[in-house]
C-alpha cells in the first residue's frame, strides 16, 4: 500500500554466485519482487532495471525496457541462476564505467539495491566509495547468512537505514520505503511516521572450540628420545550469531484504532486510511453499523416469552439476548411503537407493561432484570390471559392515538402442555395480530397459534434465531401493510418439475412450497392471478390464470396437482406456457406484469433456453429455482441473468429461500410494463401502442383483440377508428376493421 511515487531510477544488483546457491538465489528473486511493491513503477515515476553478478556482471534488463510493475515482476521470475565466484567489486566497477543502463537524465535520482551475502572475493571498499561519491543511494540487503561488515561498507550512511535483511521481507520492504521517504520520496499517507525499533542481524561464524586433551608425543633434549604428553585438541564449529541492531519502519495509524464500528460490529482495515464494518444482523444502516431497521409502523407490541422448564435457562437467556438485539435495532429515539414484555410457565406475569418505557436504555435494563422461572409450559393459558389483560387502554392525549394495532409476538421452543388452538383463535377474534417465533420442532404448534404460516418464524439453530430479526420487523409492520404483492397487479405462473428425476417425495415438497408461496398474494381478477403447470415429457395445465378468484379455491386446487413421473422436458413446458397460459384467451391481462417461476432439479433443461428467451422477448420474466442442479451455464441461459437464478442445496432448504423469491417477484410486479408485450391481439393481429393505451390492427378479424372473424357480405363493417369500451384491466382498446372491406 505504501509506495514511493517520485521520479526515480532503481537498479537491482543481484548476487548469483555459488556462495549464494540456487535456493537462496530464488529467495533473492522473491525478495526483489517484494521490494517492487514499495515502488510505484511507471514510465514517469519509478523505473527498475536488474544486473546479476558472479564472476562477471550480466545485464538482465535495463531501466527503460519494462515500465509497469507487472512486466517487471514477470521478468524477475524468468531470471536464471548463473553461478560463479562472488566479484562484487567488479560489478560496482561495471556500474561506474557503464552507468545505470537505460537511465534517464542526471536530474533523476539513482538508487542501487545490492542483494548479496557480502562474501566478496575481492576488495569492495574503494568501488563502493566511488559509487556513493557519484550521488548514487546504495542499499545493501543481506541474504542467507551474510557477512554484515562488508554490507555496511557497501551501504550509504547512515548504515542502519540502508542495510536490510531479506529474511524478513515485509520489514525490509517497509524499511526501504521509510528510508526513501526521508530522502527522495514524499509520504503518500498523512499521519504516518518513521520510527526506529530494535532488531537483530543473524549470521554464521566459525569459532574454535576445545574438544579435549589427547595423548601426544613430544621430542626431548636428549638425542633419539621422545616423551609422552597431553595436548589440547581444537575443532572448528559454525554457530549462529545474533547481532543487536536498530531498524526503521513507517508506522501509520490503524483505521480501526478509533473503534468506528458500533453495536458489536467488527472493524476490518482496508489499506492505510479505510475500513469496513462487519455488522450484526439488524445493523448496517450506515458504514458504522447504525441500526438499519426501524419500526416505522405505529403499534402496541407485546412479547410473550416462554420461561418454562421446557425452554431451559439457556434458551430463556437466548430469548432475552434476541429481544435486546431486536429492540436496539428497531427502537429509535422517537419510535412510534409501545413495547411490553410478558413471560409465562404455569402462570403469566407482565413485568414490563406495554408503553411503560419510552427510551431503549430503560427498556434494556428492565429486560436484563427478567428471571427464569422454570415451571410447566401452559401456552394456551398464557394466550388467553394476554388476550384479556395484556393490552390496556392507552391514555388519550392530544398527540397520542389509543387505537393502535395490537401485535403479540410469542417466543417459545417447547410444546405446550395444554391446547393452544382455541385460546389463539380467541386472541385473534379480539383483533390481536399474532406472530410466533420458535424452532422447527414446534412448527406445527406455531402455525396453530397464528392461524397463518406467513405469521410464523421458524429458526433452524440458535444462531439462525438472530438472523431472523429483519423478518420479524417486516411481519410486525405487515399488520397494516400486507406482505407479498397483495397490492400489485401480477399474472404469475408456477411451472413445477413432476418428472421421475425429482421423485414423489421431493415433488410433495415442491407442492408445499407453491402452496405457501401463494399465501403471499391476494387472488382476484384485479390484483394477482396465478396459473399452475406441471411437466414431465409433456406439460399439463393444472389451472389457468383466470380459473380461481379466491385464495381458498386456489389452495384446494394446488393440493390436487398430479405427479407425472416420466422424463423431464422444461423446453416443452415453457413453450406450453407461452402458447397456452400467458395468453389473452386464457386470462392473461394486458398491461399487467407477468412472471414464470420454474421449480426444477436441473434435469431436462437443455431445450429450455430458446423458449425462455421467447418469453423474455415478450415481456415475461423467467425465474429459475433449481434444487441440487449443477449445470450453471445451461441454467443461466434459461434464466437470462444471475438475478433470476437461485441455487438451493436441498429440498429441505427450499422454505428458507421463499422470502427472497417472493421479494424478487414483487420487485418485478412494480416495474414498468409494455402494453403490447406479450401481444394481446389474437389471430395475428398487430398491437400498436398509443399514449397510455394500445389498439389491435386486425386482418380479416374484428373486435378489441381481433377475436371475431369478419363474414363477407352480411356482417356490419366497423368504422376504421371506432372505439370500444374499456376492458376489465382499465385500459382503453382501439380496433380497426379489416383493411379489405370497403367503406359504405
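In the UniProt record's numbering, the protein residues as written are 1 to 744. All C-beta atoms in this analysis are idealised placements derived from N, C-alpha and C, irrespective of residue type, glycine included. These numbers come from a predicted model, not from an experiment.
- request: Please state whether DSSP places residue 583 in a helix, a strand or coil.
  value: Taking the first residue of the chain shown as position 1, residue 583 is located at position 583. Of the three classes helix, strand and coil, the one that applies to residue 583 here is coil, per DSSP.
field: Minimum length 4: unbroken alpha helix (DSSP H) runs contained in the segment 99 to 169
entry: 125 to 133, 148 to 154 and 159 to 162
field: For residue 409 and residue 548, the rounded distance between their alpha carbons
entry: On the chain shown, residue 548 is found 548 positions in, with the first residue counted as 1. On the chain shown, residue 409 is found 409 positions in, with the first residue counted as 1. So the two alpha carbons sit approximately 33 Å from each other.
query: Quick one, which of 616, 317 and 639 has its alpha-carbon nearest residue 625's?
result: Counting from 1 along the chain shown, the entry for residue 625 is found at position 625. The shortest C-alpha separation from residue 625 is found at 639.
- prompt: In terms of residues, what are the limits of the alpha helix (DSSP H) holding residue 506?
  reply: As a first step, residue 506 must be located in the chain shown, where it is residue number 506. Here the alpha helix (DSSP H) through residue 506 covers 504 to 518.
DSSP three-state assignment for residue 8, whether helix, strand or coil: In the chain shown, counting from the first residue as 1, residue 8 sits at position 8. Correct three-state label for residue 8: strand.
Among 135, 62, 491 and 588, nearest to residue 670 - alpha-carbon criterion: As a working note, residue 670 is residue 670 in the chain shown. For residue 670, the nearest C-alpha among the options comes from 491.
Whole-angstrom distance between residue 632 and residue 606, CA atom to CA atom: Here residue 606 corresponds to residue number 606 of the chain shown, with the count starting at 1. Here residue 632 corresponds to residue number 632 of the chain shown, with the count starting at 1. Their Cα atoms are separated by approximately 11 Å.
- prompt: Should residue 134 go down as buried or exposed, given a rule of 16 or more other Cβ atoms within 10 Å for buried?
  reply: Position 134 of the chain shown, counting from 1, holds the residue named residue 134. Classification of residue 134: exposed, given that the 10 Å Cβ count is below 16.
query: Could you give the C-beta distance for residue 620 and residue 597, rounded to a whole number, given that I count them as a contact under 8 Å?
result: For the purposes of this step, residue 620 is taken as residue 620 along the chain shown, with counting starting at 1. For the purposes of this step, residue 597 is taken as residue 597 along the chain shown, with counting starting at 1. That pair is no contact at about 11 Å.
field: Classification of residue 233 by the beta-carbon crowding that lies within 10 angstroms, buried from 16 upward
entry: In the chain shown, the residue the question calls residue 233 occupies position 233. It counts as exposed.
- prompt: Would DSSP call residue 601 helix, strand or coil?
  reply: Counted from its first residue, the chain shown places residue 601 at position 601. In this structure, residue 601 counts as coil in the three-state DSSP scheme.
query: How big is the Cα-Cα spacing for residue 4 and residue 603?
result: The residue you call residue 4 lines up with position 4 of the chain shown. The residue you call residue 603 lines up with position 603 of the chain shown. So the alpha carbons of these two residues sit roughly 56 Å apart.
- prompt: If we ignore side chains and look at the alpha-carbon of each, how far apart do residue 65 and residue 78 end up?
  reply: Looking up residue 65 in the chain shown gives position 65. Looking up residue 78 in the chain shown gives position 78. Computed Cα separation, rounded: 15 Å.
message: I need the straight-line Cα distance from residue 520 to residue 655, nearest angstrom please.
response: For this step, residue 520 is matched to residue 520 along the chain shown. For this step, residue 655 is matched to residue 655 along the chain shown. Their backbone Cα atoms lie some 13 Å apart in a straight line.
- prompt: Would residue 553 pass as a contact of residue 581 if the rule is Cβ separation under 8 Å?
  reply: For the purposes of this step, residue 553 is taken as residue 553 along the chain shown, with counting starting at 1. For the purposes of this step, residue 581 is taken as residue 581 along the chain shown, with counting starting at 1. No, Cβ-Cβ distance for residue 553 and residue 581 is not below 8 Å.
- prompt: Would you call the segment 137 to 147 and the segment 48 to 56 in contact, with 3 or more CB pairs under 8 Å?
  reply: no
query: Short check: CB of residue 88 to CB of residue 124, under 8 Å?
result: Residue numbering aside, residue 88 sits at position 88 when the chain shown is read from its first letter. Residue numbering aside, residue 124 sits at position 124 when the chain shown is read from its first letter. Cβ atoms of residue 88 and residue 124: closer than 8 Å.
Contacts around residue 336, its chain only, beta-carbon distance under 6 Å, and the 5 residues preceding and following it disregarded: Translated into positions along the chain shown, residue 336 becomes position 336. Counting only Cβ-Cβ distances below 6 Å, and skipping sequence neighbours, we find 298.
message: Taking only three categories from DSSP, how would you classify residue 656?
response: Position 656 of the chain shown, counted from the first residue, corresponds to residue 656. Helix at residue 656.
message: Using the three-state DSSP reduction, which class does residue 540 fall into: helix, strand or coil?
response: The count along the chain shown starts at 1 and reaches residue 540 at position 540. Three-state DSSP puts residue 540 in a strand.
message: In whole angstroms, give me the CA-to-CA distance for residue 575 and residue 566.
response: One-based indexing of the chain shown puts residue 575 at position 575. One-based indexing of the chain shown puts residue 566 at position 566. Those two C-alpha atoms are separated by around 18 Å.
message: Using DSSP's beta-bridge definition, name the partner residues of residue 49.
response: Within the chain shown, numbered from 1, the residue matching residue 49 stands at position 49. Paired residue(s): 11.
task: Quick one: which unbroken alpha helix (DSSP H) runs of 4-plus residues sit fully inside the segment 398 to 486? Chain order, please.
output: 421 to 429, 443 to 450, 462 to 467 and 469 to 477
- prompt: Does the beta-carbon of residue 148 have 16 or more other beta-carbons within 10 angstroms, so that it is buried, or is it exposed?
  reply: Residue mapping note: residue 148 aligns to position 148 of the chain shown, counting from 1. By the 10 Å Cβ count, residue 148 comes out buried.
field: Between the CA atoms of residue 420 and residue 426 - distance to the nearest angstrom
entry: By one-based count along the chain shown, residue 426 stands at place 426. By one-based count along the chain shown, residue 420 stands at place 420. Looking at the two C-alpha atoms, the distance is approximately 10 Å.
message: Pop quiz: residue 533 and residue 495 are said to be a contact at Cβ under 8 Å. What is the actual Cβ separation, rounded to whole angstroms?
response: Taking the chain shown and counting its residues from 1, one reaches residue 533 at position 533. Taking the chain shown and counting its residues from 1, one reaches residue 495 at position 495. Right, their Cβ atoms sit about 5 Å apart.
query: Whose C-alpha, out of 643, 216, 103 and 540, is nearest the C-alpha of residue 228?
result: Start at 1 with the first residue of the chain shown, and residue 228 comes out as number 228. Per the Cα distances, 216.
field: For residue 620, the residue or residues it bridges with in DSSP
entry: One-based indexing of the chain shown puts residue 620 at position 620. 594, per the DSSP bridge assignment.
message: Let me confirm a value: residue 719 is counted as buried when at least 16 other C-beta atoms fall within 10 Å, else exposed. Which label applies?
response: Indexing the chain shown from 1 puts residue 719 at position 719. Note that residue 719 scores 39 on pLDDT, short of 50, meaning its location in the model is unreliable and no value can be drawn from it.
field: Extent of the continuous alpha helix (DSSP H) run through residue 684
entry: Within the chain shown, numbered from 1, the residue matching residue 684 stands at position 684. Careful: residue 684 lies outside any alpha helix (DSSP H) and carries neither H nor E.
message: Please classify residue 703 as buried or exposed, where buried requires at least 16 neighbouring CB atoms within 10 angstroms.
response: Your numbering for residue 703 matches position 703 in the chain shown. Buried, by the Cβ-count rule.
Residue 667 - DSSP class collapsed to helix/strand/coil: Taking the chain shown and counting its residues from 1, the one referred to as residue 667 is at position 667. Looking at residue 667 - three-state DSSP - the assignment turns out to be helix.
query: Counting contacts by CB-CB distance shorter than 8 Å, is residue 633 in contact with chain D?
result: No chain D is part of this structure, which consists of one protein chain only.
Contact set for residue 437: own chain, Cβ-Cβ below 6 Å, skip 5 residues either direction: For the purposes of this step, residue 437 is taken as the residue at position 437 of the chain shown. Taken in chain order, the residues that qualify are 411 and 457.
- prompt: Quick one, are the C-beta atoms of residue 81 and residue 16 less than 8 Å apart?
  reply: As a first step, residue 81 must be located in the chain shown, where it is residue number 81. As a first step, residue 16 must be located in the chain shown, where it is residue number 16. Yes.
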